[in-house]
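Per this note's numbering, the sequence shown runs over residues 1237 to 1788. Each residue gets a CB set at the ideal place from its N, CA and C atoms; glycine is no exception. Here is the structure we will look at, set down as structure tokens.
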Amino acid sequence: MAEAEEYPFGKLHKRMIPQWKNSGLVDYVSVRYTPQGDTIYCKLPYNCQITPYLKVSSVHGGDTIVMKTDHYEGGSDINVRAEYITTKGTREYESLGWMNGHEVIYIVPKGAKVEAVKYRETGYNADFTGSFECNDPFYNMLWQKAARTLYVTMRDTYMDCPDRERAQWWGDEVNELGETFYALDPRGQRLALKGIYELMNWQRADGTLFAPVPAVNWGKELPLQMLASVGHYGFYTQYFYSGDSSFVAPIYDRLHCYLHEVWQVDSAGLPIVRHGEWSWGDWGENVDLEVLTAAWYYLALQAEREFAVMTGRTADAAQNDAMMHRLKLAFNAKYWNGNAYRSPSYIGQTDDRAQAMAVVSGLASNEKYEQLKACLRKEFHASPYMEKYVLEALFMMGDTDYALERMKHRYEEQVNYPECSTLWEGWGIGANGFGGGTMNHAWSGGPLTLLSQYVCGIEPTSAGFETFRIKPQLGTLESAKATVHSVNGFIRMAARKADRKLLIDIEVPDGCKAEVVLPAGYVFSKYPKKVLSKSKDTMLLPGGTYQLVSTR
């Protein structure tokens, strides 16, 4: 008998994520047979990861039963199916290779009689303890479909989709990890931590990074996805929202190598575009790669700067400060034309993604916001992957009404498609979508984050939500409420308009502090006894439950 870490085992590592959630064998929502009786259609409650079960009798044996889902041919590829060859008598069988979809299909030859069918749902072991609800059913359904898309693309890694590839593409993972903090309990946060180590441990000898990882048949670097991964929305968000900095010191040197040895800047301080093995900024047309590169690089420098401070690398922090200052000056001098950001060599239509990234990175100053908002009312080139940042830019610029309007316009077909509980890879399905057109693609769920973070206004102001802000932006909505399950406890808020009042109910976890910031034009009518500090439109509250009243 071999001992742990002896041959044939390699070095053992502690499992970083929980064991799978397992429903046990359960009945389908409904079961229907074709008139011929040779095909059984079994409805699932939603798009989920399942293993199909059957109890079957056969007189002679040798009959082949096929098991697949309605997603068997999804995203331009043939996906997972199973076959069972009967033996004489009655047998039970469960196909342990998981598949996903909205309906399981059993194709049964005449020589076999299926006596029972069931399924077992498995998946990442975290619960939907976060929530969002408002007075408009459209956004409620969008949030729910985004949450369901997130969960069906989680297992031993985050993945782009659960049928075509099941691969840890880090561009997708950046969006997913942000959604996890608003949708799931803290166990969900471990999956991105595992992904960070995998991405950095697969760094190549020349310092470049690539995904999906782990990989044996793929090694193409997508430079902008890698910048997104190591930057503000990737590694830094994982740290700041979870409060877990344990990964920072182990990966810091490799991160620094990637940003300062692999990437180079020109004489003005702007990053030189790297095409890697796949020069990709987004699906679709009119991608201004040069502007996007500068914005993603700036966000990556921001993250590394914070990590440098955390690990005591003061020289690195000072270097990043200087680089960011030069980059910001050069960015606005070179790319701003008075109405929008465009690189001089770019000849396509104005890129909505580029304008958005200028805003969310902080490269665009406030006096440019009116022109940028006007641009985002005319340009619609982003795929669902980058649309998240377009919508976020609108919220950050205070244009909540149009952010909600654009969100509804862009996601209308997906939300109103009753046959699907998840969001798609592109704006359409199949040939009408991007990249193969899967019906369940991780990167499309950005509105989940935005509805909780901006409409309900819940976001951390220190690591792990030990302190956090609640700054609701209801826009055209009459009411909205959300729950966030932070590592420090449940945060709950509910806001509703009543005549000229805005009523806000808040639950602050013990040991935490909440800064409540009112929308423009509102002032507090009264203050609770436990208030720590206050002004006419802002107050700081310790742990407890509060009912706040403001007027305009």
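Between residue 1718 and residue 1692, the C-beta gap is smaller than 9 angstroms, which places the two residues in contact. By alpha-carbon distance to residue 1714, the top candidate from 1238, 1738, 1650 and 1771 is 1738. Per the coordinates, the alpha-carbon of residue 1305 lies some 50 angstroms from the alpha-carbon of residue 1572. A direct Cα-Cα distance of roughly 36 angstroms separates residue 1321 from residue 1661. Per DSSP, reduced to three states, the secondary structure at residue 1423 is helical. Secondary structure remark: continuous alpha helix (DSSP H) runs of at least 4 residues inside the segment 1734-1788: none found. Annotation for residue 1646: the continuous alpha helix (DSSP H) segment containing it runs 1636-1651.
Here the segment 1646-1666 makes contact with the segment 1619-1632; the two share three or more CB pairs at distances below 8 angstroms. Counting the other Cβ atoms within 10 Å of the Cβ of residue 1414 gives 16 or more, which makes it buried. A residue is called buried once 16 or more other Cβ atoms fall within 10 Å of its Cβ, and residue 1744 is buried on that count. Just measuring C-alpha positions, the residue of 1472, 1488 and 1564 sitting nearest residue 1504 is 1564. Here residue 1354 is buried, its C-beta having at least 16 other C-beta atoms within 10 Å. Excluding sequence positions up to five before and after residue 1778, its CB lies within less than 7 angstroms of the CB of 1744, 1749, 1766 and 1768, all in the same chain and listed in chain order. Short of 6 angstroms from the beta carbon of residue 1701, and not among the five residues preceding or following it, lie these beta carbons of its own chain, in chain order: 1722 and 1724. Minimum Cα-Cα distance from residue 1780 among the listed residues 1729, 1758, 1242 and 1733 corresponds to 1729. Taking 9 angstroms as the cut-off, the beta carbon of residue 1632 is found no closer than this to the beta carbon of residue 1683. In chain order, 1589, 1618, 1619, 1621 and 1622 place their CB closer than 7 angstroms to the CB of residue 1518, counting only its own chain and leaving out the 5 sequence neighbours on each side. Between residue 1257 and residue 1338, the C-beta gap is not smaller than 9 angstroms, which leaves the two residues out of contact. Here DSSP, grouped into helix, strand and coil, assigns residue 1468 to helix. Note that the segment 1367-1386 does not touch the segment 1432-1442; fewer than 3 beta-carbon pairs, one per stretch, sit closer than 8 angstroms.
Judged by their CB atoms, residue 1283 and residue 1550 are not nearer to each other than the 9 angstroms cut-off.
Taking a C-beta distance under 9 angstroms as the contact criterion, residue 1261 and residue 1330 qualify as a contact pair.
Here DSSP, grouped into helix, strand and coil, assigns residue 1545 to helix. Residue 1678 carries a helical assignment under DSSP once its states are collapsed to helix, strand and coil.
Scanning its chain for C-beta atoms nearer than 7 angstroms, with the 5 sequence neighbours on each side dropped, one finds around residue 1546 the residues 1481 and 1484, in chain order.
DSSP links residue 1728 through a beta bridge to 1719 and 1743. For residue 1352, the enclosing beta strand (DSSP E) has its first and last residue at 1348-1359.
Excluding the 5 residues flanking it on each side, residue 1277 has same chain C-beta neighbours closer than 7 angstroms at 1268, 1339 and 1341, in chain order. Excluding residues up to 5 positions away in sequence, 1651 lie with their Cβ nearer than 7 angstroms to the Cβ of residue 1377 in the same chain. When DSSP reads this structure, residue 1572 sits in a beta bridge with 1577.
Runs of the beta strand (DSSP E) lying entirely within the segment 1258-1310 and spanning at least 3 residues, in chain order: 1266-1269, 1275-1294 and 1300-1305.
Counting only the Cα atoms, residue 1523 lies some 51 angstroms from residue 1345. According to the DSSP assignment, residue 1494 belongs to no beta strand (DSSP E), since it is labelled neither H nor E. Going by C-alpha positions, residue 1295 is about 28 angstroms away from residue 1266. Listed as beta-bridge partners of residue 1507 by DSSP are 1501. By the neighbour-count criterion, in which 16 or more other beta carbons inside 10 Å mark a residue as buried, residue 1688 falls on the buried side.
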